[in-house]
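K.L.:
Under this note's numbering, the first residue of the sequence shown carries the number 25, and numbering increases by one thereafter. Quick reminder that beta carbons are idealized off the backbone N, C-alpha and C, glycines included. The structure presented is a predicted model; accordingly, all values stated were derived computationally and were not measured.
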Amino acid sequence: GHIERANRKSQSEFLCCVCGHTAHADVNAARNIARAAVIPPIVLETPAGVAPGTSPRL
25 GHIERANRKS QSEFLCCVCG HTAHADVNAA RNIARAAVIP PIVLETPAGV APGTSPRL
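1) According to DSSP, simplified to helix, strand and coil, what is residue 72?
2) Counting pairs of Cβ atoms below 8 angstroms between the region 58-75 and the region 37-50, do you hit three or more?
3) With DSSP as the reference, please indicate the residues paired to residue 32 in a beta bridge.
4) Whose CA, out of 26, 68, 55, lies closest to the CA of residue 42?
5) Given residue 30, which residues of its chain have a CB within under 7 angstroms of its CB, disregarding the five upstream and five downstream residues?
Quick look at the structure:
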């Protein structure tokens with residue numbers, strides 16, 4: 025998803041500035057939490073010589 029402060033038209037209304045998806049903010053958050061529980065995040069190992077939390081230079 026696209027994270028941006030402008031996605032929140034009001035405290036209760038979510039509107040994605042990129043794709044136009046709109047939903048009640050609490051319902052949208054509940055769906056995201058449920059999805060995260062079912063689909064685990066992809067965790068990649070950090071390559072040797074790269075500090076965690078940084079990007080390797082290409």
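P.N.:
Reading from the atomic positions:
1) For this step, residue 72 is matched to residue 48 along the sequence shown. DSSP places residue 72 in coil when its eight states are reduced to three.
2) The answer is no - the region 37-50 does not touch the region 58-75, with fewer than three Cβ pairs under 8 angstroms.
3) Start at 1 with the first residue of the sequence shown, and residue 32 comes out as number 8. Residue 32 is bridged to 38.
4) Within the sequence shown, numbered from 1, the residue matching residue 42 stands at position 18. The shortest Cα separation from residue 42 among 26, 68, 55 belongs to 26.
5) Along the sequence shown, read from residue 1 onward, the residue named residue 30 stands at position 6. Here the set comprises 41.
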